[in-house]
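Visitor:
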Amino acid sequence: MPRTPLTHGLALGLMALCGLAQPAAAAVEPPDPLRLNQIQVIGTHNSYHAGLTPGIAALLRQKNPKAADELDYSHPSLTRQLDGGVRQLELDIYADSQGGRFAHPFGAAMAGKDAPPFDPDGVMRRPGLKVLHLQDIDYVSTCQPFVGCLSEIRAWSLAHPGHAPLFILVETKTQPPIPGVPMVAPEPFTATALDALDDEIRSVFPREALLLPDDVRGAWPTLRESVLHGGWPTLAAARGKVVFLLDQTNVTATYTAGHPSLRGRVLFTNADPAAPDAAFVERNDGPAAEIADLVRQGFLVRTRADSDTHEGRTGETLRRDGALASGAQLVSTDYPAAEPARWTGYSVALPGGGALRCNPVNAPATCREAGK
Numbered sequence: 381m382p383r384t385p386l387t388h389g390l391a392l393g394l395m396a397l398c399g400l401a402q403p404a405a406a407a408v409e410p411p412d413p414l415r416l417n418q419i420q421v422i423g424t425h426n427s428y429h430a431g432l433t434p435g436i437a438a439l440l441r442q443k444n445p446k447a448a449d450e451l452d453y454s455h456p457s458l459t460r461q462l463d464g465g466v467r468q469l470e471l472d473i474y475a476d477s478q479g480g481r482f483a484h485p486f487g488a489a490m491a492g493k494d495a496p497p498f499d500p501d502g503v504m505r506r507p508g509l510k511v512l513h514l515q516d517i518d519y520v521s522t523c524q525p526f527v528g529c530l531s532e533i534r535a536w537s538l539a540h541p542g543h544a545p546l547f548i549l550v551e552t553k554t555q556p557p558i559p560g561v562p563m564v565a566p567e568p569f570t571a572t573a574l575d576a577l578d579d580e581i582r583s584v585f586p587r588e589a590l591l592l593p594d595d596v597r598g599a600w601p602t603l604r605e606s607v608l609h610g611g612w613p614t615l616a617a618a619r620g621k622v623v624f625l626l627d628q629t630n631v632t633a634t635y636t637a638g639h640p641s642l643r644g645r646v647l648f649t650n651a652d653p654a655a656p657d658a659a660f661v662e663r664n665d666g667p668a669a670e671i672a673d674l675v676r677q678g679f680l681v682r683t684r685a686d687s688d689t690h691e692g693r694t695g696e697t698l699r700r701d702g703a704l705a706s707g708a709q710l711v712s713t714d715y716p717a718a719e720p721a722r723w724t725g726y727s728v729a730l731p732g733g734g735a736l737r738c739n740p741v742n743a744p745a746t747c748r749e750a751g752k
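681 is the number that my numbering gives to position 301 of the sequence shown; each next residue is one higher, with no gaps.
1. With DSSP run on the structure shown, which of helix, strand or coil describes Lys-752?
2. Under the DSSP definition of a beta bridge, which residues are partnered with His-429?
3. Give the DSSP-derived three-state secondary structure of Val-561 in the structure shown.
4. Any idea what DSSP makes of Gly-465, helix, strand or coil?
5. Less than 9 Å between the C-beta atoms of Leu-509 and Ala-616, yes or no?
6. Does Asn-630 come out as helix, strand or coil in the three-state DSSP assignment?
7. Have a look at Pro-507 and Leu-698 and give me their C-alpha separation to the nearest angstrom.
8. Below 8 Å on the Cβ atoms is my contact criterion, and I expect Leu-627 with Val-550 to pass it. Report the Cβ-Cβ distance as a whole number of Å.
9. Three or more C-beta pairs under 8 Å: does that hold for the region 437-457 against the region 700-708?
10. Tell me Val-421's beta-bridge partners as DSSP assigns them.
11. Ignoring anything shorter than 4 residues or poking outside the region 583-643, list the alpha helix (DSSP H) runs there in chain order.
12. State the start and end residues of the unbroken alpha helix (DSSP H) segment that holds Arg-693.
13. Spell out the partners DSSP gives Phe-648 in its beta bridges.
14. Please report the straight-line C-alpha distance between Thr-353 and Leu-432, rounded to a whole angstrom.
15. Do you know how far the Cα of Ala-718 is from the Cα of Ala-430?
16. Where Ile-473 and Arg-481 are concerned, what is the direct C-alpha to C-alpha distance, given to the nearest angstrom?
17. Are Ser-521 and Tyr-428 closer than 9 Å when you measure CB to CB?
18. By DSSP's criteria, Glu-551 is part of a beta bridge. Which residues make up the other side?
19. Taking all protein chains shown into account, do 16 or more other C-beta atoms lie within 10 angstroms of the C-beta of Ser-583, making it buried, or fewer, making it exposed?
20. My understanding is that Pro-653 touches Pro-640, with C-beta atoms under 8 Å, so please give their C-beta distance in whole angstroms.
21. Would you decide whether Ile-558 is buried or exposed? Buried here means 16 or more other CB atoms lie within 10 Å of its CB.
22. Return the chain-ordered list of same chain residues with a C-beta closer than 6 Å to the C-beta of Pro-562, the five sequence neighbours on each side being excluded.
23. Do the region 417-426 and the region 730-746 make contact, defined as three or more Cβ pairs closer than 8 Å?
24. Using only CA atoms, which one of Glu-450, Ile-533 and His-513 lies nearest to Pro-566?
25. State buried or exposed for Trp-723, treating a residue as buried only when at least 16 other CB atoms are found within 10 Å of its CB.
26. Following the continuous alpha helix (DSSP H) through Leu-440, name the residue where it begins and the one where it ends.
27. May I ask you to report which of helix, strand or coil DSSP gives Glu-567?
28. For Gly-542, which of Thr-632, Asp-476 and Ala-618 has the nearest alpha-carbon?
29. Would you tell me roughly how many angstroms separate the C-alpha atoms of Gly-560 and Ala-703, rounded to the nearest one?
30. What separation, rounded to the nearest whole angstrom, lies between the Cα atoms of Val-753 and Val-681?
31. Three-state secondary structure (DSSP) at Leu-451?
32. Give the secondary structure of Thr-724 by DSSP, where H, G and I count as helix, E and B as strand, and everything else as coil.
33. Let me make sure I understand the geometry here. Which of Pro-720, His-425, Phe-648 and Ala-495 has the alpha-carbon closest to that of Ile-436?
34. Report the rounded CA-to-CA distance for Pro-613 versus Leu-471, giving the unit in angstroms.
Structural data, given as structure tokens:
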């Protein structure tokens, strides 16, 4: 006569009465670790921007009121922004290999006798990358030179171990002079200048403080293949590190020459999603559906919640809300929570506050990450 199978509960009970060992409980699969591309943070646009000097502001208001409105924003120090929860900063840089190219902006002569002297320590006379928005006109920055800004970020990072990874967007500027305006011509970003960019970053941040393209590519032949197959490190592994991103696509070919898939490079390029160096892409104006698709594929995306002080003046939130919902990991604004627009109080913050949140598009359902 065949034996009737015991129920699981009855079997365990009889085994216990007989002093027999019980089978081990089935292992519970741990949740997937949260990866770097599965978070969302708030960034600032032109994070170094200290605003126009009064003389230039008055002249611009007279000659080009629209431009005056668009440039009417400023930020506090990088340290204060990081203290306020910003985790992505933007620095615009100009090459200055000989030094002195931007040491005597014509706008400084219009600042008035009561204005503080421009560059009293002579920083602008020394060789090295400089941080400014527009030579001779919009040239006042909260930090200078580029390595000075980086040193401020490094100091904050050391003082806040375990912080969420910081993303530094670097824009290589080559604005030609405006006809009729006494502006200096920019220095081109040659291969030598781009090598100097890597070198200046490495002079401030040791290797262990950086997350590099080499770290993400791993054993994959291209950076793109890696990110399409989950190649970003975990958030836990990336904490305390800094990620550098190269904004301008017009220098990509020069930056990647001799460095296929960014081998040996410091910055991730703003790449075409089909390119071998693709890991980071910008979609500053959306659309949200395209951003969400890129995020789902594995790419890191930067977008903007506002621009040209428009949302700050009107209080409109449609673009902001769409940017946050799109899943773009880096949502940049002129008005983070600690710096609301003076006209309307408009600002940009993650739902629930905090410096990061689970990405609304691609984070695992188990994700509960939030915080610094």
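Just so you know, even glycine gets a beta-carbon here, dropped at the ideal spot from N, CA and C.
Here the structure is a predicted model, which means the values were calculated and not measured.
Guide: Short version:
1. coil
2. Ser-521
3. Three-state DSSP puts Val-561 in coil, outside helix and strand.
4. coil
5. no
6. Asn-630 sits in a helix when the DSSP states are folded into three classes.
7. 44 Å
8. Per the sequence shown, residue 627 should be read as Asp rather than Leu. The Cβ separation is near 6 Å, so the contact holds.
9. Contact fails: fewer than three Cβ-Cβ distances are below 8 Å.
10. Leu-710 and Leu-736
11. Listed in chain order, the alpha helix (DSSP H) runs fully inside the region 583-643 are 593-597, 603-608, 615-618 and 632-636, counting runs of at least 4 residues.
12. For Arg-693, the enclosing alpha helix (DSSP H) stretches over residues 690-694.
13. Leu-625
14. With the chain covering 381 to 752 only, the question about residue 353 has no answer from this structure.
15. 16 Å
16. 13 Å
17. yes
18. Asp-472
19. Ser-583 comes out exposed.
20. About 17 Å; that fails the 8 Å criterion.
21. exposed
22. These residues qualify, in order along the chain: Phe-486.
23. yes
24. His-513
25. exposed
26. 434-443
27. strand
28. Checking every option, the nearest Cα to that of Gly-542 belongs to Ala-618.
29. 39 Å
30. The chain is shown only over 381 to 752; residue 753 falls outside these bounds and no answer can be derived.
31. Leu-451: coil per DSSP, three-state reduction.
32. coil
33. Ala-495
34. 25 Å
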